[in-house]
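Everything on this sheet refers to the single structure shown next.
2 protein chains.
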Amino acid sequence: MKEKVPAAASQGFEIKLNTQLCFAIYGAAHAFTRTYKPLLEPLGLTYPQYLVMIALWEDDDQPVKAIGDRLGLDSGTLSPLLKRLEQSGLVLRKRDRDDERLVRISLTEKGSDLRLQALDVTEAIGKAIGCGLEEAAALRDALISLRERMDDRD
Amino acid sequence: MKEKVPAAASQGFEIKLNTQLCFAIYGAAHAFTRTYKPLLEPLGLTYPQYLVMIALWEDDDQPVKAIGDRLGLDSGTLSPLLKRLEQSGLVLRKRDRDDERLVRISLTEKGSDLRLQALDVTEAIGKAIGCGLEEAAALRDALISLRERMDDRD
DNA sequence: CGCAATTCAATTGCGCACAATCTAATTACG
DNA sequence: CGTAATTAGATTGTGCGCAATTGAATTGCG
Chain B
412 MKEKVPAAAS QGFEIKLNTQ LCFAIYGAAH AFTRTYKPLL EPLGLTYPQY LVMIALWEDD
472 DQPVKAIGDR LGLDSGTLSP LLKRLEQSGL VLRKRDRDDE RLVRISLTEK GSDLRLQALD
532 VTEAIGKAIG CGLEEAAALR DALISLRERM DDRD
Chain S
412 MKEKVPAAAS QGFEIKLNTQ LCFAIYGAAH AFTRTYKPLL EPLGLTYPQY LVMIALWEDD
472 DQPVKAIGDR LGLDSGTLSP LLKRLEQSGL VLRKRDRDDE RLVRISLTEK GSDLRLQALD
532 VTEAIGKAIG CGLEEAAALR DALISLRERM DDRD
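Top line first, the protein sequences correspond to chains B and S.
Position one of the first sequence corresponds to residue 412 (my numbering), numbered consecutively onward.
Position one of the second sequence corresponds to residue 412 (my numbering), numbered consecutively onward.
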């Protein structure tokens, strides 16, 4: 698989590979969501909500915009999602006093406390995907670099 | 990054890595969709519709179930999607005569013809993600293997 | 044969994703 | 200062993604 391929032949091959990569990333992302779903259900979180909570556990009291940048989501997705988290009693939404355009999202005590249970979930996932640390790290780096290249061309 | 880590210390590290992998795959999948979107717009296809069309270009006249297995989608997603493709004049939906539970999806001439334009899109993506063949192949294999491990545990 | 279990697709309901549009607040500039 | 441009967030509309339910067709088993 590592030999040089004549340019003419490589074209069709490249297209095929690209297509396979499409399918692979699409399938893997959904498999991830499906694997998380039953584990997150006891916490009352969906997978995107879980990602938002992680962002808040790492850094509390962020504006909606900051969360959106971190996850690549816009207000159209986050506004209703955050309202659901608020209704679940996990976060608070408060206008910033200095800049009233901002809505700052902060954790409630209940939201903070949920972190411990979430750690168990993360650990369970680690076993479910069952890959070595190096393999996981390499995959993470490859995906991040892929994304950066795509975002740059945008 | 490749040194052995004491077991006690590795636990927190592993959780962190896992979380990062979550974010990475989530972000990369959406970046893929976003990159494809403007390229597919001239063809009148969304990204999931494009994946369905690829499945049909590779193998025409498939039952809904077969397409679902290929893409990991159920009838709740595919039924309306296929109706939209039918309304666009790209596919036909016909009950199988021998087994009337099956709905067979086949390409119209318009649907078949679209393949040529789609090849251009795939080529354009290849440039957008701009990774070498080996890198793409390795990523594809890592994702497929990751997905298989997750699906197996389900 | 006859009835139960299975299989396939469609439908319903909920929750993302994202483009487009809107409103309000802030900043920039003449 | 005052108006234009920018920024943040909410809203609307379309299209997935999936669980749960439904209904029709087929298969399996006594």
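Using N, Cα and C, we set each Cβ at its ideal position, and we do this for glycine too.
| Item | Value |
| --- | --- |
| Measuring alpha carbon to alpha carbon, tell me which of B:Met-561, B:Ala-535, B:Arg-560, B:Ala-439 ends up nearest Asn-429 (chain S). | B:Ala-535 |
| For a contact defined as C-beta to C-beta under 7 Å, what are the partners of Asp-562 (chain S) on chain B? | Ala-442 |
| Mind pulling the chain S residues with CB within less than 9 Å of Ile-478 (chain B)? | Those do not exist, as Ile-478 (chain B) stays about 12 Å from chain S at its closest Cβ, beyond 9 Å. |
| Whose Cβ in chain S lies nearer than 7 Å to the Cβ of Gln-431 (chain B)? | Arg-551 |
| Please tell me whether Asp-507 (chain B) and Leu-513 (chain B) are closer than 8 Å, where the distance is taken between their beta carbons. | yes |
| Check each residue of the stretch 521-534 of chain S: if its Cβ is closer than 9 Å to any Cβ of chain B, include it; give the result in chain order. | Leu-530, Thr-533, Glu-534 |
| Would you list the one or two residues that DSSP bridges to Lys-505 (chain B)? | B:Arg-515 |
| Distance, Cα to Cα, Phe-424 (chain S) vs Leu-518 (chain B)? | 24 Å |
| Can Ile-516 (chain S) and Leu-484 (chain S) be called in contact, C-beta distance under 8 Å? | no |
| Mind pulling the chain B residues with CB within less than 9 Å of Ile-465 (chain S)? | Thr-430, Cys-433, Phe-434 |
| Looking at the secondary structure, which residues open and close the alpha helix (DSSP H) in which Pro-491 (chain S) lies? | 486-498 |
| Got a sec: is the Cβ-Cβ distance from Lys-413 (chain S) to anything in chain B below 8 Å? | Since pLDDT at Lys-413 (chain S) reaches only 46, below the 50 mark, its modelled position is unreliable, and no value is offered. |
| If I'm right that Ala-439 (chain B) touches Ile-540 (chain S) with Cβ under 8 Å, what's the distance once you round it to whole angstroms? | About 15 Å; that fails the 8 Å criterion. |
| Using 8 Å as the limit for Cβ to Cβ distance, is Leu-489 (chain S) near chain B? | no |
| Examine chain B for any beta-carbon lying closer than 8 Å to the beta-carbon of Gly-438 (chain S), and answer yes or no. | yes |
| Shorter than 8 Å from the beta carbon of Glu-425 (chain S) to some beta carbon of chain B? | yes |
| Is the beta carbon of Pro-459 (chain S) closer than 8 Å to that of Leu-492 (chain S)? | yes |
| Answer yes or no: does any C-beta atom of chain B fall closer than 8 Å to that of Ile-516 (chain S)? | no |
| Rounded to whole angstroms, what's the CA-CA distance from Gln-473 (chain B) to Cys-433 (chain B)? Just pull it up for me. | 33 Å |
| Return the CA-CA distance between Leu-496 (chain S) and Ser-490 (chain S), expressed in angstroms with no decimal places. | 10 Å |
| Counting C-beta neighbours from all protein chains within 10 Å, is the total for Arg-526 (chain S) 16 or more, i.e. buried, or is it exposed? | exposed |
| Answer yes or no: does any C-beta atom of chain S fall closer than 8 Å to that of Arg-558 (chain B)? | yes |
| If I follow the unbroken alpha helix (DSSP H) through Gly-522 (chain S), where does it start and stop? | 520-540 |
| Would you check if there are 3 or more beta carbon pairs closer than 8 Å linking the stretch 545-555 of chain B to the stretch 475-484 of chain B? | no |
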